[in-house]
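Residue numbers (our numbering), protein chains in the order written: chain Y, 9 to 252; chain P, 9 to 252.
Note that CB positions come from ideal geometry on N, CA and C, so glycine has one too.
Just so you know, these numbers come straight off a predicted model, no measurement behind them.
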């Protein structure tokens, strides 16, 4: 062990880019990537990483891994156990048995569908789909998804063996539907995105207060809704620019 | 962008444990995890992370992600392109289109089969299978593998769509076979491990010098072999403790 103990204990990593995402606040972000294909965004590389060469060949891959920092989950203290929403929020499991953002090293891992690799006007960015990341998330690394090594369909996933059920049936009021139609002109797919994000039932499992209003910040808007049992109603779309 | 630019650009991460592996030197390590199930080892958590609570529930998962540091690939300079061995070593692709250890942030990602979660005598460690990691590798994070989110059997993998072919047919000399039999008494599976590691043809693609001796450090031994076309011969097993 002597040799190992001489190794460094701390490592300094540098941001290579940022995520531009429709998700402008934590509330409402899907709990895993790929759940909502309409959730699109960009990984924008920053200098000195904004070189076309650095992503050469990446366009051959359908999916990428993004390693990022849970920058709003950085705390001085970590806890050995967490309460995942999938378990109702009242059962504790070890932080290393979870994908919680509150971890000893707040590094996250998401697989995203790669739509396009773009190099234009000195800028280099990736158009991605199925985002579960907050706007402004610092990115540390991008790797190609290699199916023969990364895809293990027979792996067993403990309490997370199946995707979360979409528990809410979403309807729009006439007022909200009309606003969505207007927004669709410059943001096609907004209605479907809003519907799916609410359908994921982002409320904490232990919070089921009928009639309580919730707001989810999507793009330039706040989607306002309430739930009653298994039904949710989107009743307003407001201009909104929540910055976390 | 103003708000994003106020975010920190650098992040300090702390080692949470180290890898104990049969691979004592870089040469011979499989190029992806899972290729050699006989490659077993441990992820040993270090204080203050060596708490049984921190891995509570992890035993329900068949596989884990390990985020680690390529500690022997840390360089002051990164290059925008690399030459992956899969492409013959003479074609350059972008570093973000590769899984090369030489990256702007030298963070690696491996999925390993989890055999056992062990908490004994104040120690906490994970027994893992299918290792592609060097002994002493610093570990930053452990996450459960969640099949519904992480497994994408239909993803397309560019130049890495299929696993590498095992190009070498391996035979043992009588001398080497006898030594392996002795080693099997305290290290069961050693012979098969040696065979598979050599069969992976770890030589750089552009290096095919008939008769040249190669040594691979496995556990407490050095496996000595040479290749001639598609055939390899393991002709000696020596005591060996290469420390990188």
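query	result
If residue 126 (chain Y) and residue 135 (chain Y) are in contact, beta carbons under 8 Å, what's the gap, nearest whole angstrom?	6 Å
Name, going along the chain, the residues of the region 44–61 of chain Y whose beta-carbon falls closer than 7 Å to a beta-carbon of chain P.	57, 59 and 61
Using the beta-carbon of each residue, which ones in chain P are nearer than 8 Å to residue 212 (chain Y)?	In chain order: nothing, as chain P lies at least about 20 Å away.
From Y:117, Y:239, Y:227 and Y:233, pick the residue whose C-alpha is nearest to that of residue 249 (chain Y); which is it?	Y:227
Starting from residue 203 (chain P), trace the alpha helix (DSSP H) in both directions and tell me its first and last residue.	198–207
Between residue 73 (chain P) and residue 108 (chain Y), what straight-line distance do the alpha-carbon atoms span, to the nearest angstrom?	14 Å
Along chain Y, which residues have their Cβ under 7 Å away from the Cβ of residue 76 (chain P)?	In chain order: nothing, as chain Y lies at least about 10 Å away.
Report the residue from Y:105, Y:26, Y:179 and Y:123 whose alpha carbon sits nearest the alpha carbon of residue 3 (chain Y).	This structure cannot settle anything about residue 3 (chain Y), because the visible part of chain Y is limited to 9 through 252.
Can you name, in chain order, every residue of its own chain whose Cβ lies under 6 Å from the Cβ of residue 116 (chain Y), other than the five neighbours on each side?	76 and 78
Let me know the alpha helix (DSSP H) ranges lying completely inside the region 120–170 of chain Y, each 4 residues or longer, listed in chain order.	155–158
Locate the alpha helix (DSSP H) running through residue 186 (chain Y), then write down its first and last residues.	182–192
Say whether chain B places a C-beta atom closer than 8 Å to the C-beta of residue 133 (chain P).	This model lacks chain B altogether, as its protein chains are Y and P.
Report the three-state DSSP secondary structure of residue 62 (chain Y) (helix, strand or coil).	helix
Does residue 29 (chain Y) come within less than 8 Å of chain P when only Cβ atoms are used?	no
Counting contacts by CB-CB distance shorter than 8 Å, is residue 34 (chain P) in contact with chain Y?	no
Quick one: is residue 37 (chain P) near chain Y, going by C-beta distance under 8 Å?	no
Is the Cβ of residue 89 (chain P) closer than 8 Å to any Cβ of chain Y?	yes
When every heavy atom of the ligand COA is checked, does at least one fall within less than 7 Å of the C-beta of residue 137 (chain P)?	What this structure holds is no ligand at all, so the ligand COA is not there to describe.
Give the DSSP bridge partners of residue 229 (chain Y), in chain order.	Y:226 and Y:247
Among P:238, P:183, P:196 and P:90, whose alpha-carbon lies nearest the alpha-carbon of residue 176 (chain P)?	P:238
Taking 8 Å as the CB-CB limit, is residue 113 (chain P) close to chain Y?	yes
Just the Cα atoms here: how many angstroms apart are residue 143 (chain Y) and residue 222 (chain P)?	50 Å
Contact criterion: CB-CB distance below 8 Å. Does residue 15 (chain P) meet it with respect to chain Y?	yes
Have a look at residue 240 (chain P) and residue 207 (chain P) and give me their C-alpha separation to the nearest angstrom.	8 Å
Could you work out which residues of chain Y lie near residue 146 (chain P), taking near to mean beta carbons separated by less than 7 Å?	15
Return the CA-CA distance between residue 28 (chain Y) and residue 36 (chain Y), expressed in angstroms with no decimal places.	16 Å
Would you identify the three-state DSSP class for residue 105 (chain Y), choosing helix, strand or coil?	helix
Under 9 Å Cβ-Cβ, which residues of chain Y neighbour residue 70 (chain P)?	160, 162, 163, 164, 165 and 166
I want to see whether chain P comes within less than 8 Å of residue 229 (chain Y), judged by CB atoms only; does it?	no
Since residue 153 (chain Y) contacts residue 160 (chain P) with CB under 8 Å, what's their CB separation in whole angstroms?	7 Å
Comparing alpha-carbon positions, which option in Y:18, Y:64, Y:93 and Y:193 lies nearest residue 90 (chain P)?	Y:64
If you drop the 5 nearest sequence neighbours on each side, which residues of the same chain put their C-beta closer than 7 Å to that of residue 246 (chain P)?	229, 230 and 232
One question on the structure: do residue 138 (chain P) and residue 41 (chain P) come within less than 8 Å of each other, judged by their Cβ atoms?	yes
Tell me which same chain residues have a C-beta within less than 7 Å of the C-beta of residue 69 (chain Y), skipping the five on either side of it?	122, 152 and 153
Run through DSSP, which three-state label would residue 95 (chain P) get?	helix
What do you reckon, are the CB atoms on residue 95 (chain P) and residue 18 (chain Y) nearer than 8 Å?	no
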